[in-house]
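Taken in sequence, the protein lines are chains A and B.
Mapped onto the numbering used here, the consecutive letters of the first sequence carry residue numbers 3 to 118.
Mapped onto the numbering used here, the consecutive letters of the second sequence carry residue numbers 926 to 1147.
We put the CB at the ideal spot given by N, CA and C, even for glycine.
Report on the following structure.
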Amino acid sequence: MKTIDPSQVQEKLNELSGETVYVHLETTNGAYANHNDKAFFSAGAFIRNAQLRYIHGKIAGSGPYRVGLETEIGWLYAEGLTDWEIDEEDRVLMAGHDESGRLAVALELSQKPFRK
Amino acid sequence: MTDKHILVIFPHPDDEAFGVSGTILSHTDAGTPVTYICLTLGEMGRNMGRPVMANRESLPDIRLKELKEACSLLGIEDLRRFGMRDKTVEFTDRDALSERLSDVISEVNPTTIITFYPGYAVHPDHDATGAAVVDAVRKLPDENRPGIHAIAFADGSEEALGEPDVVRDVREYRERKLQVIEAHASQTAGLMEQVRSRMEEHDETIEYMLQTERFWTYPVED
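Next up, the structure:
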């Protein structure tokens, strides 16, 4: 992955606007967060292969970045995004890595379902 | 009882590395076959390598390569993958999982199963795996039940379960154990930096971890 270039991401978000896409959205602080620090409140969520069509997608911020997708009936949002790539299957993979390179958030869009 | 076949059951590639690899090496070196069922490919791992070398979609393929390398270092010739997804084991159909485990247990007829101690293994996938293994073993008639050597590392495990009854000195496998841990580079590169520096400081906890592996025999009949 490489550091997010917001204008390139915006261009790709525009391209996929109105298309049916499959979404992987995830936040995590690791399964051991609370084991390593009892005071830490561990929370996370993920959804894989949610299908949606957004009418308007935007990247915002000055890094780490935020991405919001507006659909006809709702919203999707991710914050803390630092890196991205378009992989060999033409999927848009965005992720936020902490200072040690550990993944904290992921937002991925694909026109084909992701592998389960 | 002499072990004729060991069955190792864990949810993630690298679970076999930390508290178990010396024990596995002692078996494979002695010519005892080891079958390893690994339920997932650690698809949801947070570590992406140092420097970052993986993304969420490429991680499973990288971890599969690492797993195969670790198995080769451990002398494990029979690796079974269950194709489940990391972090979902506790949510899948527990009976269906224990049924699949039963099939392998019947097939390889192990004398001992090594897995996690349900309720004392920190990660929900670990606890769910241990619970499904216990279910599978309970279904067998008494005389056919393998022993379960379970790993517990939640805080308070000793207070709740007593001292582990199987404590193995694995000093002689120290370097090979480190190699197995290092084989899972995408997950362990950061950890290994800490381990190496603590080894240089002759840290007692790290030394104990590298020299000793501890298991609780699970009371299946209770």
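At a C-beta separation below 7 Å, residue 97/A has these neighbours in chain B: 980 and 981. Residue 1111/B places its beta carbon less than 8 Å from that of residue 987/B. Chain-order list of chain A residues neighbouring residue 1047/B: 33, 34 and 37, by C-beta distance under 8 Å.
Separation of residue 1131/B and residue 1100/B (C-alpha to C-alpha, rounded to the nearest whole angstrom) is 13 Å.
Proximity of the stretch 1070-1089 of chain B to the stretch 1038-1047 of chain B meets the contact definition, three or more beta-carbon pairs being nearer than 8 Å. Within chain A, the residues whose beta carbon sits less than 9 Å from that of residue 973/B are 3, 97, 99, 103, 104 and 105, listed in sequence order. Using beta-carbon distances, residue 976/B counts as an interface residue toward chain A, with a partner under 8 Å. By the neighbour-count definition (other C-beta atoms within 10 Å, threshold 16), residue 976/B is an exposed residue. In its chain, beyond the 5 residues on either side, 1009 have a beta carbon closer than 7 Å to the beta carbon of residue 1017/B. Interface criterion met: the Cβ of residue 30/A is under 8 Å from a Cβ in chain B.
For the pair residue 932/B and residue 1035/B, the CB atoms are nearer than the 8 Å cut-off. Between residue 59/A and residue 19/A, the CB-CB gap stays under 8 Å.
At a cut-off of 8 Å between C-beta atoms, residue 1010/B counts as an interface residue with respect to chain A. For residue 79/A, DSSP records a beta bridge to 70/A. Under the Cβ criterion of 8 Å, residue 944/B is not counted among the residues facing chain A. The beta-carbon separation of residue 52/A and residue 42/A, rounded to 28 Å, does not stay under the 8 Å limit for a contact. Among the residues of chain A, those whose CB is under 7 Å from the CB of residue 1115/B are 102, following chain order.
Excluding residues up to 5 positions away in sequence, 931 and 959 lie with their Cβ nearer than 6 Å to the Cβ of residue 952/B in the same chain. The continuous beta strand (DSSP E) containing residue 1092/B extends over residues 1091-1094.
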